[in-house]
Amino acid sequence: MPPWVEPAPPTTGQLRGSSESHVVTSVLTMTNNEIATNSQARHRRPLLWTALVVTALCNAAASLAGLTAVGIVFGFLVLLCGAGLVVEHRRR
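Written out as structure tokens, the structure reads:
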């Protein structure tokens, strides 16, 4: 079982349409916030990679155009995107 999946505490109840003598275990109360977080991380990584490439290209263009202040801003954004990717990698 993957480490982010935790078994839900079992609950007992009666199925609709069944006789009262049959008791079943239900998983309807099962919630796992880490799965939702993992799903969000999967969508965040491509966004970070795209932002990294775009800001690196803008940084290069600003440097070639001689716009030092703009190049510094885009360089800082490149560092932030790279740091975000490292954090996402370390969480996995």
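When we follow full-length UniProt numbering, the leftmost residue of the sequence shown carries the number 1, and every step to the right adds one. Idealized CB from N, CA, C, for every residue including glycine. Just so you know, these numbers come straight off a predicted model, no measurement behind them.
Go to GLU88, then tell me how far its alpha helix (DSSP H) extends in each direction, as first and last residue. Start at 1 with the first residue of the sequence shown, and residue 88 comes out as number 88. That run of the alpha helix (DSSP H) goes 68-91.
Close beta carbons around ARG44, own chain, < 7 Å, minus the five adjacent residues each side: By one-based count along the sequence shown, residue 44 stands at place 44. Within the same chain, Cβ atoms closer than 7 Å to the Cβ of ARG44 are found at GLU88, the five residues on either side in sequence being excluded.
Own chain residues within Cβ distance below 7 Å of CYS81, not counting five before or after: For the purposes of this step, residue 81 is taken as the residue at position 81 of the sequence shown. Once the five neighbours on either side are set aside, the close Cβ partners of CYS81 are LEU48, ALA51, LEU52, THR55.
What's the C-alpha gap between ILE72 and GLY66? On the sequence shown, residue 72 is found 72 positions in, with the first residue counted as 1. On the sequence shown, residue 66 is found 66 positions in, with the first residue counted as 1. Between ILE72 and GLY66, the C-alpha separation is close to 11 Å.
Taking the straight line between their C-alpha atoms, what separation do you get for ALA62 and PRO46? Taking the sequence shown and counting its residues from 1, one reaches residue 62 at position 62. Taking the sequence shown and counting its residues from 1, one reaches residue 46 at position 46. Rounded to whole angstroms, ALA62 to PRO46 spans 24 Å at the Cα level.
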